[in-house]
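*Asks:*
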Amino acid sequence: MSDSSDCKYLKLSGLEPLTVTPESNFINVGERTNVTGSRKFLRLIKEENFAEALEIARHQVEGGAQILDVNMDEGLLDGVQAMVTFLNLIASEPDIARIPIMID
């Protein structure tokens with residue numbers, strides 16, 4: 003059983019843990035994997051070009067994102083299917099899946 007002092011901070015995890023403490027000055031959230039915030043990402047998802055969409059996620063992680071925001075909420079998409087497909091692909095890429103995912 004862990005010590006209760008371990009519960010003082012926000013703990014998130016992808017394949018690697020992320021602990022947010024009061025000393026954490028800034029948490030970098032990669033938001034380019036968001037269909038409402040990126041026209042390019044929206045186009046790729048509509049075209050079902052998930053390989054290139056994954057490259058956007060990878061670039062966000064390589065650029066320092068500590069959390070990856072994923073949003074598929076767009077009226078002309080089957081958002082559930084797109085989200086499931088994209089998250090399964092992310093899970094198969096350890097270099098991307100190492101950080102926590104925020105479902106938006």
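Using my numbering, the first residue of the sequence shown is number 3, and each one after it goes up by one. Heads up, the beta-carbon is just placed ideally off N, CA and C, and yes, glycines get one too. Fair warning: this is a prediction, and the values are worked out from it, not measured in the lab.
1. If distances are taken between C-alpha atoms only, which option among 27, 48, 24 comes closest to residue 35?
2. Between residue 81 and residue 74, is the Cβ-Cβ spacing less than 7 Å?
3. When the Cα atoms are used, what is the spatial distance from residue 19 to residue 13?
4. Rounded to a whole number of angstroms, what is the C-alpha to C-alpha distance between residue 100 and residue 76?
5. By Cβ distance below 6 Å, which residues in the same chain neighbour residue 79 in space, the five residues on each side in sequence not counted?
6. Figure out for me which residue from 59, 67, 83 has the closest Cα to the Cα of residue 92.
7. Can you give me the C-alpha to C-alpha distance between residue 3 and residue 17, rounded to a whole angstrom?
8. According to DSSP, residue 103 sits in a beta bridge with which residue or residues?
*Replies:* This is what the structure holds:
1. Numbered from 1 along the sequence shown, position 33 holds the residue referred to as residue 35. Ranked by Cα distance from residue 35, the first of 27, 48, 24 is 48.
2. By one-based count along the sequence shown, residue 81 stands at place 79. By one-based count along the sequence shown, residue 74 stands at place 72. Closer than 7 Å, so yes.
3. Taking the sequence shown and counting its residues from 1, the one referred to as residue 19 is at position 17. Taking the sequence shown and counting its residues from 1, the one referred to as residue 13 is at position 11. Whole-angstrom Cα-Cα distance: 7 Å.
4. Here residue 100 corresponds to residue number 98 of the sequence shown, with the count starting at 1. Here residue 76 corresponds to residue number 74 of the sequence shown, with the count starting at 1. Looking at the two C-alpha atoms, the distance is approximately 27 Å.
5. Looking up residue 79 in the sequence shown gives position 77. Excluding positions up to five away in sequence, the list is empty.
6. Taking the first residue of the sequence shown as 1, we reach residue 92 at position 90. For residue 92, the nearest C-alpha among the options comes from 59.
7. As a first step, residue 3 is located in the sequence shown; it is residue number 1 there, counting from the start. As a first step, residue 17 is located in the sequence shown; it is residue number 15 there, counting from the start. Any answer about residue 3 is weak, because its pLDDT of 48 lies below 50 and its placement is not dependable; what the coordinates show is given next. Straight-line Cα distance between these residues: approximately 22 Å.
8. Taking the sequence shown and counting its residues from 1, one reaches residue 103 at position 101. 70, per the DSSP bridge assignment.
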